[in-house]
Amino acid sequence: MTDLYMNNPLIHRDRQLGKSPSEWVRTFACEDLKPLIVCRGPIRKEAMDVFEEMGISHYGILLSEKDSIVYANALAPELRQLTDSTRVHRVPDYTGASKEERVERIGQIIQIAKDNNYDSVFAGYGFMAEDEEFVAEIEKAGLSFIGPNSRTQADAGKKDEAKRTALAVGVSVTPGINNVTARTLVRKHPTREKLLALAKTEGIELDAKLLKDAKLSLEDLADEILYASYEKGLDLYSIEELSAQVQIEVENMFKEYPGSRIRLKAIGGGGGKGQRILGASLLTAKNPTDKQIKEAAAETPTLVREVLNEVKANGVGDNKNVLVELNIEQTRHNEIQLLGNGEWCVSLGGRDCSLQMHEQKLLEISVTQEGLALAIEKAKQAGRKAEVKALESDLKVLKRMEDDSTKFGQAVGLDSASTFECIVDRDRYYFMEVNTRIQVEHRVSELCYSLKFTNPKDKNDFFIVESLVEAMALLARHKKRLPKPERIPRFSASAEARLNATDASLSPHAGGMIRYWSAPIEGEIRDDQGICLVNPDTGMFMRYKVAGAYDSNIALLLTKGEDRLASYQHLAKVLGKTTLRGSDLATNLEFHYGLVNWFLGQNVMAKPTTRFVVPYLTLVGQLKEEAGKLDTVAAFIQLKKHYAKKMAEQFPDDATIGKSMSQILDRKGTLVTRPMDKLLEDPHLLSGWLSLNRNNFTMEKGKVVWHDNPFVILADTYEYLNMTFDPSAPAAEVIWNHDNDLLQNGLRFYATLSERFKLGMHEFDKLSSLLEKEKPQVGFSAEEWLEIQSAHMGFEAGLELLGMLFIIADNTKFWAFKVEDDLEVTIPDYLHDADLQTRMKKVLVPPPATKADEIVAICGGMYYGQEAPGLPPFTQEGMHFEKGQALYIIEVMKMFNTVRATFSGTIERIIMQGADGSIVQKGQPLFKVTPDEKFVEVDPEELRQLKRENTFAYLKAII
1 MTDLYMNNPL
11 IHRDRQLGKS
21 PSEWVRTFAC
31 EDLKPLIVCR
41 GPIRKEAMDV
51 FEEMGISHYG
61 ILLSEKDSIV
71 YANALAPELR
81 QLTDSTRVHR
91 VPDYTGASKE
101 ERVERIGQII
111 QIAKDNNYDS
121 VFAGYGFMAE
131 DEEFVAEIEK
141 AGLSFIGPNS
151 RTQADAGKKD
161 EAKRTALAVG
171 VSVTPGINNV
181 TARTLVRKHP
191 TREKLLALAK
201 TEGIELDAKL
211 LKDAKLSLED
221 LADEILYASY
231 EKGLDLYSIE
241 ELSAQVQIEV
251 ENMFKEYPGS
261 RIRLKAIGGG
271 GGKGQRILGA
281 SLLTAKNPTD
291 KQIKEAAAET
301 PTLVREVLNE
311 VKANGVGDNK
321 NVLVELNIEQ
331 TRHNEIQLLG
341 NGEWCVSLGG
351 RDCSLQMHEQ
361 KLLEISVTQE
371 GLALAIEKAK
381 QAGRKAEVKA
391 LESDLKVLKR
401 MEDDSTKFGQ
411 AVGLDSASTF
421 ECIVDRDRYY
431 FMEVNTRIQV
441 EHRVSELCYS
451 LKFTNPKDKN
461 DFFIVESLVE
471 AMALLARHKK
481 RLPKPERIPR
491 FSASAEARLN
501 ATDASLSPHA
511 GGMIRYWSAP
521 IEGEIRDDQG
531 ICLVNPDTGM
541 FMRYKVAGAY
551 DSNIALLLTK
561 GEDRLASYQH
571 LAKVLGKTTL
581 RGSDLATNLE
591 FHYGLVNWFL
601 GQNVMAKPTT
611 RFVVPYLTLV
621 GQLKEEAGKL
631 DTVAAFIQLK
641 KHYAKKMAEQ
651 FPDDATIGKS
661 MSQILDRKGT
671 LVTRPMDKLL
681 EDPHLLSGWL
691 SLNRNNFTME
701 KGKVVWHDNP
711 FVILADTYEY
721 LNMTFDPSAP
731 AAEVIWNHDN
741 DLLQNGLRFY
751 ATLSERFKLG
761 MHEFDKLSSL
771 LEKEKPQVGF
781 SAEEWLEIQS
791 AHMGFEAGLE
801 LLGMLFIIAD
811 NTKFWAFKVE
821 DDLEVTIPDY
831 LHDADLQTRM
841 KKVLVPPPAT
851 KADEIVAICG
861 GMYYGQEAPG
871 LPPFTQEGMH
881 FEKGQALYII
891 EVMKMFNTVR
901 ATFSGTIERI
911 IMQGADGSIV
921 QKGQPLFKVT
931 PDEKFVEVDP
941 EELRQLKREN
951 TFAYLKAII
């Protein structure tokens, strides 16, 4: 396809359309566009790159004080690229802490644009990108907004309005309430007369047509009054009144949908912010009692305040509407990429974003009609009927979603990039919301499709756009002049992993310093906002501090392939070859590597739901807990004793054989134990390794039976752990020289045998059967045959130890968490247990070391001692607290985390005396307490003895 374009004399692949040989193409040049970039993160760097490639030379960026002042070494790395200081503009935090600050900030941004000759604003995928007021003010100021216009923002960007629009055009929506603020007002003023009297008292003027419309419902009238009140900056209800109404709606929905949870969602949220779920205690209750329902709904007021706080909608005059929706449990999160110019709207396939936690996406996979058709054909050829049926269902759902999404886009006059988000339940889908901005994961769609804009008068005259940012700029500059494009397939599949600053339990971990980051490998697409840009003077990597003021994303890692399997395989390679070093640095790199390999070991076409990640992490926590019971050195020493005894019994008259075997094992100690220790230390790596090797053994009568060659698996394990020989790498991170010599000798030995026997390197059952024969095979002499058998025994000796890893999996029921033939994921019920999930989270990341009479900060962030301004503090000196009681809130990576007591006790002294919003460090003492129960410390020697006993118990299954 690329050759076709390159051979056409009218096609100019350069993004500078003004240089095209085609007169028609040149009319779509954007070189004169002068955008101000008012976002941060990877999208800011991407916009800078795309604008430069388009020939746009006059662009600027906005920096907040958090980019460059508050956090040392968090200086925007893009400044290494944009060295013209006159195009770098500074303002306080973009979004502001209140409505008043937001209004002030909007004015400052518009003034910066006017003073510096910018004609447009690009807001990426931050909050400002879908702020209807911000966009409207930009338009009023005579500037272009590179994104959907204010009308589209109003009709589609607010979640309540989007649901109403979806219903109007016949799109199925999630069951729930989208006008709880109107219901709050009607409860307070329950008649038409009282509502109109309120409007008159507050000086709110209503359209005369509304006043005459006797059929207008009370709730619709209340909505009209509320929208007018927002424009005047009035509050017609209190947060307490709103919370009470939401609680009523939640209780009613619990009664209507027994056994379900309810999701609260602020209408202006995004990126997982402003959402909470309640009702976990009712999941197993088929007929909950009124008491159970009231207890489950009691948390509603707290959660309403949390969602409003997170999206900064708790100020006077803010629209505080909250969606109250049924949380459909076993669902996948799919979304459709849209692009429009106000008249036409096209879809660019789908993305599966089901792998998420805390409502934030982690791994995003392309879902296209071409990709599914290819997968269906391959499954048919392989005879996997259940898989074919499941994929055909997905293809039908995708087609419906794409059709409905373009219908919705045209209804709201979409004139830029947006995303139509849905939840998929087997063969049905429900519309969830529209993100009226470009998405973090937009490149997943870019890699699958390009856009072909053709001259209506000459089908051979066209240009290709492969970047959605470029398409947005084109639309901002040329709008309805652009003809409807044709989508052209590029790659059949793509994948994106979000590299986040989170610990092993995926909890936010701010404050770490990145000191080294390996270079991207071939085929890797890395969007890292410029962190990997080296010092322009020295060529050295520059330190970068991961600040807690922003969301947790550090980079986006993308791959593409001829099918989903290829994209997963390359993503696994990218993750495995990525090295990050620093101080107090924690990322989800290992989690991603383990997860991607888990799917590679199962089936990459699997259909995980949004409830996948937490039980998966719980299972990984169990792996770590079980792995902690083993001592590989003690196991290897015991294995040597076993071989010594075995050799003495087999060769009682020849002590040299036993001595020789002992020497062989001595040489292999570190070869076997070093990669094992790395797997035992990191359960995420162990999870991926176990999944990849799940078919390489069986358990028979309590013993491990190998079906693949342990020696070859050991070599693959070094590759998997990125520990292959590299003289330039630190010795602690790769295989040692003498171990590598032994490994390569063994691999050459088995490669020679496999070639002679005409077997694959992994056909161990057949190889073992041949080598057990006393009679020489395939032309070997008797002497050669004995040497081969002896060498085989020597190479395999000691590798039984790897079998202990399979015992860990067996003991934790690891294999019960699996992908079925119909691609559904089976998750054992016990992994949904909330108490087990909490305990395993602590296993994955033990709480900070603390004294028995102290409570310390669980992580770094901003501390709050009360639920919301004006409410009483959580704690007071002398107060008794119960296990599970809220003690404080910590804001990290823009998320508000309520921290609850893990035991009961009494607050003796509040050590943390700073004002709300004060920065605290992980492990910083907050309260002096007296626990109700004394903590008993475990004797370290007892732990060591227990570890040895467990190790010896494991050995019984492998020798």
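Under full-length UniProt numbering, the letters of the sequence shown match residues 1 to 959, in that order. We treat Cβ as the ideally placed atom computed from N, Cα and C, and that holds for glycine. Keep in mind that this is a model prediction, so the values were computed, not measured.
Can you tell me which residues form a DSSP beta bridge with residue 295? Within the sequence shown, numbered from 1, the residue matching residue 295 stands at position 295. None; residue 295 has no bridge partner.
Tell me, which residues are paired with residue 333 by DSSP? The count along the sequence shown starts at 1 and reaches residue 333 at position 333. BP columns for residue 333 point to 423.
Taking three-plus beta-carbon pairs below 8 Å as touching, is the region 589-608 in contact with the region 400-408? The region 589-608 makes no contact with the region 400-408; the number of CB pairs closer than 8 Å stays below 3.
Would you call the region 897-917 and the region 581-600 touching, i.e. three or more CB-CB distances under 8 Å? Taking 8 Å as the limit for Cβ pairs, the verdict is that the region 581-600 does not touch the region 897-917.
Using the Cβ count rule (16 or more neighbours within 10 Å means buried), how would you classify residue 622? In the sequence shown, residue 622 corresponds to position 622, counting from 1. Counting Cβ neighbours within 10 Å, residue 622 comes out buried, since at least 16 surround it.
Taking Cβ positions, are residue 429 and residue 423 nearer each other than 8 Å? Start at 1 with the first residue of the sequence shown, and residue 429 comes out as number 429. Start at 1 with the first residue of the sequence shown, and residue 423 comes out as number 423. Yes.
My output table needs one value for residue 521: the three-state DSSP class, helix, strand or coil. Counted from its first residue, the sequence shown places residue 521 at position 521. Coil, per DSSP.
As an exercise, report each continuous alpha helix (DSSP H) stretch of at least 4 residues that is fully enclosed by the region 746-805, in chain order. Segments of the alpha helix (DSSP H) lying fully in the region 746-805: 764-771, 782-796.
Hey, how far is the Cα of residue 721 from the Cα of residue 406? If you number the sequence shown from 1, residue 721 lands on position 721. If you number the sequence shown from 1, residue 406 lands on position 406. Approximately 45 Å between the Cα atoms of the pair.
Note down, in chain order, each residue of its chain lying with its Cβ closer than 8 Å to the Cβ of residue 190, except the 5 sequence neighbours on either side. Locating residue 190 in the sequence shown gives position 190, counting from the first residue. Once the five neighbours on either side are set aside, the close Cβ partners of residue 190 are 218.
If we ignore side chains and look at the alpha-carbon of each, how far apart do residue 492 and residue 434 end up? For the purposes of this step, residue 492 is taken as residue 492 along the sequence shown, with counting starting at 1. For the purposes of this step, residue 434 is taken as residue 434 along the sequence shown, with counting starting at 1. Looking at the two C-alpha atoms, the distance is approximately 25 Å.
Is residue 695 helix, strand or coil by DSSP? Along the sequence shown, one-based indexing puts residue 695 at 695. Coil.
Helix, strand or coil at residue 568 according to DSSP, with G and I counted as helix: By one-based count along the sequence shown, residue 568 stands at place 568. Reduced to three states, the DSSP call for residue 568 is helix.
Determine the DSSP secondary structure at residue 675, reduced to helix, strand or coil. If you number the sequence shown from 1, residue 675 lands on position 675. If DSSP states are grouped into helix, strand and coil, residue 675 belongs with the helices.
Beta-carbon within less than 7 Å of residue 832's beta-carbon, same chain only, minus the 5 sequence neighbours each way: which residues are those? For the purposes of this step, residue 832 is taken as residue 832 along the sequence shown, with counting starting at 1. The residues 615, in chain order, have a CB closer than 7 Å to that of residue 832 in the same chain once the five nearest residues on each side in sequence are set aside.
Spatial neighbours of residue 152 in its chain, beta-carbon cut-off 7 Å, leaving aside the 5 residues before and after: As a first step, residue 152 is located in the sequence shown; it is residue number 152 there, counting from the start. Excluding residues up to 5 positions away in sequence, 412, 413, 414, 415, 436 lie with their Cβ nearer than 7 Å to the Cβ of residue 152 in the same chain.
Should residue 3 be labelled buried (16 or more other beta-carbon atoms within 10 Å of its own) or exposed? Taking the sequence shown and counting its residues from 1, the one referred to as residue 3 is at position 3. With a pLDDT of 33 at residue 3, under the threshold of 50, the modelled position of this residue cannot be trusted, and the question is left open.
Quick one: what does DSSP say residue 431 is sitting in, helix, strand or coil? For the purposes of this step, residue 431 is taken as residue 431 along the sequence shown, with counting starting at 1. Collapsing the DSSP output to three states places residue 431 in a strand.
Suppose contacts are defined by Cβ-Cβ distances below 8 Å. Is residue 146 in contact with residue 35 by that definition? The residue labelled residue 146 in the question sits at position 146 within the sequence shown. The residue labelled residue 35 in the question sits at position 35 within the sequence shown. With contacts defined as CB atoms closer than 8 Å, residue 146 and residue 35 qualify as a contacting pair.
Please name the residue, chosen from 739, 661, 231, that lies closest to residue 202 on a Cα-to-Cα basis. The residue labelled residue 202 in the question sits at position 202 within the sequence shown. The residue with the shortest Cα to Cα distance from residue 202 is 231.
Cβ atoms of residue 928 and residue 961: under 8 Å apart, would you say? With the chain covering 1 to 959 only, the question about residue 961 has no answer from this structure.
Looking only at its chain, what residues have a beta carbon closer than 6 Å to the beta carbon of residue 24, apart from the 5 residues adjacent to it on each side? On the sequence shown, position 24 is the one that residue 24 refers to. Cβ neighbours of residue 24 beyond the five flanking positions: 455, 461.
Do the CB positions of residue 552 and residue 502 come within less than 8 Å of each other? For the purposes of this step, residue 552 is taken as residue 552 along the sequence shown, with counting starting at 1. For the purposes of this step, residue 502 is taken as residue 502 along the sequence shown, with counting starting at 1. In contact: residue 552 and residue 502 (Cβ atoms closer than 8 Å).
Classify residue 909: buried if its beta carbon has 16 or more other beta carbons within 10 angstroms, exposed otherwise. Indexing the sequence shown from 1 puts residue 909 at position 909. Classification of residue 909: exposed, given that the 10 Å Cβ count is below 16.
Quick check on the burial criterion: 16 or more other C-beta atoms within 10 angstroms. Buried or exposed for residue 27? Numbered from 1 along the sequence shown, position 27 holds the residue referred to as residue 27. Flag for residue 27 reads exposed.
Between which two residues does the alpha helix (DSSP H) holding residue 89 run? Translated into the one-based positions of the sequence shown, residue 89 becomes position 89. It is not in any alpha helix (DSSP H) - residue 89 instead sits in the beta strand (DSSP E) that spans 88-90.
Do you know how far the Cα of residue 304 is from the Cα of residue 252? Sequence index remark: in the sequence shown, residue 252 carries index 252 (1-based). Sequence index remark: in the sequence shown, residue 304 carries index 304 (1-based). Each residue's Cα considered, the two are about 17 Å apart.
Determine the DSSP secondary structure at residue 580, reduced to helix, strand or coil. Sequence index remark: in the sequence shown, residue 580 carries index 580 (1-based). In the displayed model, residue 580 falls within a strand according to three-state DSSP.
Check residue 109 in the structure and name its three-state DSSP category. Working through the sequence shown from its first residue, we reach residue 109 at position 109. Residue 109 carries a helical assignment under DSSP once its states are collapsed to helix, strand and coil.
Chain B contact for residue 430 (CB, 8 Å cutoff): The structure shown contains no chain B; it is built from a single protein chain.
Reducing DSSP to helix, strand and coil, say where residue 341 ends up. In the sequence shown, residue 341 corresponds to position 341, counting from 1. Residue 341 falls in the coil class under three-state DSSP.
Going by CA-CA distance only, name the one from 852, 952, 895, 829 that's closest to residue 861. Within the sequence shown, the letter at position 861 stands for residue 861. Nearest C-alpha to residue 861: 895.
In the structure shown, what three-state DSSP assignment does residue 196 receive? To locate residue 196, count along the sequence shown from 1; it is residue 196. Helix, per DSSP.
Spatial neighbours of residue 452 within its chain, please: C-beta separation below 7 Å, excluding the five flanking residues on both sides. By 1-based counting over the sequence shown, the position of residue 452 is 452. Residues of the same chain with a CB within less than 7 Å of the CB of residue 452, apart from the 5 flanking positions on each side, are 462, 464, 485, 486, 488 in chain order.
Where does residue 36 fall in DSSP's three states? As a working note, residue 36 is residue 36 in the sequence shown. When DSSP states are grouped into helix, strand and coil, residue 36 belongs to the strand group.
Which first and last residues belong to the beta strand (DSSP E) in which residue 931 is found? For the purposes of this step, residue 931 is identified with residue 931 of the sequence shown, where counting begins at 1. For residue 931, the enclosing beta strand (DSSP E) starts and ends at 925-931.
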